[in-house]
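Structure first, commentary second.
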Amino acid sequence: MLKLKEKGGVERLLIFKKFMNIQKNFPLASFTTFNIGGPASFFCEVSDESELIEALDYVEKNNLKVFVLGGGSNVLFNDDGFDGMVIKLKDTNFLKIEKVGSDILVNCWAGERLGNIVNFCAKNSLTGLEWAVGIPGSLSGAIRGNAGAYGYDMKSVVEKVKAFGYFCKDNSSVNESENDRCNLEHLKNKNEKKFILFSNKECDFSYRFSIFKKYKNLVIVSAFLKLKKGDRNQIKNQMEEIIKKRREKLPKEKSAGSFFENPKVEKKEIILRFEKDSGKKCHNQRIPAGWLIEEVGLRGKKIGRAKISEEHANFLVNSGGATAKDVIMLSSFVKMKVRNEFGIQLKEEVQYVGF
Ligand SMILES: Cc1cc2nc3c(=O)[nH]c(=O)nc-3n(C[C@H](O)[C@H](O)[C@H](O)COP(=O)(O)OP(=O)(O)OC[C@H]3O[C@@H](n4cnc5c(N)ncnc54)[C@H](O)[C@@H]3O)c2cc1C
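Quick note on numbering: the sequence shown equals residues 2 to 356 in my numbering.
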C-alpha cells in the first residue's frame, strides 16, 4: 500500500493500482436519511473486499475507531460527528444468479441497495423478496437488523452470509448486554482477521436482531439470498400493492424509519386494550411502539426541530434543521412518558453513533 498525501484533507491510498480516497473531516448528514450529524474524522468508500481490507488495515495502523455505514437509513450521528473512520459500502450493482439444484440463489455484494435487489429479482421472475420493496438502505444493514415488513423478514430469504472479522479498537466489540444467544466456535478468537461464512441458522436471526448486531467486529461483505421462480406479473402486482400501502402509511419527512422496537409486553390488560382499540391481533406479545406513543398523547409532539410524525407515531422526523440533540431529547421524553404510563421501557431501533 502506497500512501500519497494531497491537499484539501484528502489522503489517497494506492491499492492494487487503484486509488482509494480517505477524506478527513467529512460531513456525514447527507449520507443518512435523517440528514442529521456532524463530520467523520476519516471517511472512505469501498466497493469490494480488497478495498475493505485495506481500509481496515489503515484503521488498525492509525489506531482509529471504525464505523461501517450502509445506506444510513437506521442511524443517528452525533452533532459532533464521529471521531474515527467511517467506512461506507458503495452500491456497485454486483448481483449474480446461481442455480444450485432446484434452488435459485442470488449472490449480492453487501453494499447493494435492497431496492435494487428487489427490482432485480422481479425482473428475473424471482419471488420471495416482494415484501421488502420500499425499505431504504443496503443489503448489509437489512441483514444486521433483520429488517422486515408485512410479516416477513430477512431471515426468510438469507441462505448464507459472508463476513470479515477484523481488529477492533474499542473492546466493546462484543455486545455483552445482549443475551449470549450464540457461541460459535469460529468466533472464539474475536480479534482474528478472516472471512467467515454464516448459515441462516448461524446468523441467529430474531426480531430486529442477528449475530452481526452482537459481534461488532464483523463486517458483512456479501450474501446469498434464496428465492423461487415465480410469475413476473404477479410479483410486480404485489410490489405495487405494497408501494401503495407504504405511500399511504409512512411519513414523507426525513427520518430513520421506526425509531423504537416494538416492545414485548407481559401485561395482559395492555395487550387486550391494544387489540380492542386497534382491532388487530397482537403477535408474539409485541405491541406496536407507535400505538403506545399515541396512547400517551405524543402524536405531533415537537422538541426543537424534531417531531413525532402525525402519520405514524413511531417515526421521529426531522422537520427541517433538527439536531441530534433535538432527536435525543424527544426520544428520552417519549421513553419517560411510556414508562410512566405503561411501565414499558422502549428501546431504540435506530443506532446512535458517536455518542
Ligand atoms: C422511510 C423509512 C422506512 C423504513 N421502513 C422499514 C421497514 O419497513 N422495515 C425495516 O425493518 N426497516 C425499515 N427502515 C429502517 C432501515 O431502512 C432498515 O433498518 C435498513 O435495513 C437499514 O439499512 P442501512 O443500510 O441503511 O443501514 P445503516 O443505517 O447504514 O446502518 C445500520 C446499522 O447496520 C450496520 N451495518 C451496515 N452495514 C454493515 C456491514 N456491512 N457489516 C456490519 N454492520 C453493518 C451499521 O454499522 C449500523 O449499526 C425504514 C427506514 C426509513 C428511513
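Glycine residues also receive a C-beta, built at the ideal position from the N, C-alpha and C atoms.
Residue span of the alpha helix (DSSP H) that contains residue i, given as start and end
i: Phe68; result: No alpha helix (DSSP H) contains Phe68, which is instead part of the beta strand (DSSP E) from Val67 to Leu70.
i: Leu293; result: Ala290 to Glu296
i: Asn272; result: Before going on, a small fix: residue 272 reads as Ile here, not Asn. Looking at the DSSP string, the run of the alpha helix (DSSP H) that includes Ile272 is Lys269 to Ser279.
i: Leu331; result: Ala325 to Phe343
i: Leu53; result: Glu50 to Lys62
i: Phe213; result: Ile212 to Lys215
i: Ala143; result: Leu140 to Arg145
Spatial distance of residue i from residue j (CA atoms)
i: Glu50; j: Val158; result: 23 Å
i: Ala148; j: Arg274; result: 27 Å
i: Cys109; j: Lys269; result: 43 Å
i: Asn194; j: Ile243; result: Correcting the residue type first, residue 194 is Lys in the shown sequence and not Asn. Rounded to whole angstroms, Lys194 to Ile243 spans 41 Å at the Cα level.
i: Leu317; j: Pro252; result: 10 Å
i: Tyr151; j: Gln239; result: 12 Å
i: Lys161; j: Asp232; result: 25 Å
i: Thr324; j: Lys255; result: 12 Å
i: Asn63; j: Cys204; result: 31 Å
i: Leu65; j: Ala56; result: 11 Å
i: Glu179; j: Ala41; result: Caution applies to Glu179, whose pLDDT of 44 falls short of 50 and renders its modelled position unreliable; the model cannot decide the point.
i: Val175; j: Ile118; result: Residue placement at Val175 is flagged as unreliable, the pLDDT there being 46, under the threshold of 50; the coordinate-derived value follows with that caveat. Cα-Cα distance, rounded: 30 Å.
i: Lys91; j: Gly73; result: 12 Å
i: Gly138; j: Gln24; result: 22 Å
i: Cys183; j: Ile212; result: The predicted position of Cys183 is uncertain, since its pLDDT is 43 and thus under 50; a value taken from the coordinates is nonetheless stated next. So the alpha carbons of these two residues sit roughly 7 Å apart.
i: Asn75; j: Ala257; result: 5 Å
i: Lys246; j: Tyr153; result: 16 Å
i: Gly135; j: Gly116; result: 7 Å
i: Leu226; j: Gly142; result: 15 Å
i: Leu77; j: Ser103; result: 42 Å
i: Val328; j: Lys100; result: 46 Å
i: His284; j: Phe27; result: 43 Å
i: Asn125; j: Phe95; result: 15 Å
i: Asn79; j: Phe356; result: 6 Å
i: Gln352; j: Val87; result: 14 Å
i: Lys163; j: Leu198; result: 5 Å
i: Phe35; j: Glu113; result: 20 Å
i: Arg300; j: Ser31; result: 27 Å
i: Phe165; j: Ser200; result: 14 Å
i: Cys122; j: Arg248; result: 22 Å
i: Arg306; j: Pro264; result: 26 Å
beta-carbon residue i near ligand 3 non-hydrogen atom, thresh 7 Å
i: Leu251; result: Ligands present in the displayed structure are limited to ligand 1, and ligand 3 is not among them.
Host beta strand (DSSP E) of residue i (start-end)
i: Ala307; result: Ala307 to Ile309
i: Asp104; result: Asp104 to Trp110
i: Val354; result: Gln352 to Val354
i: Phe43; result: Pro40 to Val47
i: Ala224; result: Leu219 to Lys230
i: Leu1; result: Residue numbering for the chain in the displayed model covers 2 to 356; residue 1 lies beyond these limits and cannot be assessed.
Per DSSP, cross-strand counterpart(s) of residue i
i: Thr93; result: Note: Thr93 sits in no beta bridge, so no partner.
i: Ile118; result: Partner(s): none; Ile118 has no beta bridge.
i: Phe1; result: In the structure as shown, the chain begins at 2 and stops at 356. Residue 1 is therefore absent and cannot be evaluated.
i: Glu254; result: Paired residue(s): none; Glu254 is not in a bridge.
i: Ser74; result: Its beta-bridge partners do not exist; DSSP assigns none.
i: Lys303; result: Lys308
i: Leu29; result: Looking at the DSSP assignment, Leu29 forms no beta bridge with any residue, so it has no partner.
i: Pro86; result: One point to set straight first is that residue 86 is Met, not Pro, in the sequence displayed. Looking at the DSSP assignment, Met86 forms a beta bridge with Phe43 and Val67.
i: Phe261; result: Glu349
Spatially closest choice to residue i from the options, by CA coordinates
i: Ser332; options: Cys45, Gly322, Lys229 and Ala290; result: Ala290
i: Glu131; options: Lys230, Asp92 and Gly72; result: Lys230
i: Lys97; options: Leu106, Lys89 and Lys161; result: Leu106
i: Val339; options: Ala143, Phe261 and Ser223; result: Phe261
i: Glu312; options: Glu295, Val335 and Leu29; result: Glu295
i: Thr128; options: Met86, Tyr59 and Asn234; result: Asn234
i: Ser259; options: Asn315, Ile54 and Ala224; result: Asn315
i: Phe83; options: Phe43, Arg145, Glu52 and Gly301; result: Phe43
i: Trp292; options: Glu267, Gly322 and Phe343; result: Phe343
i: Val220; options: Phe196, Ile236, Ser200 and Asn263; result: Phe196
i: Lys202; options: Asn120, Gly321 and Met155; result: Met155
i: Glu350; options: Gly146, Lys217 and Phe32; result: Gly146
i: Val222; options: Met21, Thr33 and Leu70; result: Leu70
i: Val297; options: Met337, Glu276 and Ala133; result: Met337
i: Asn120; options: Lys215, Ile236 and Phe334; result: Ile236
i: Tyr167; options: Ala307, Ile37, Val266 and Ile54; result: Ile54
i: Glu241; options: Leu29, Ala133, Asp58 and Phe206; result: Ala133
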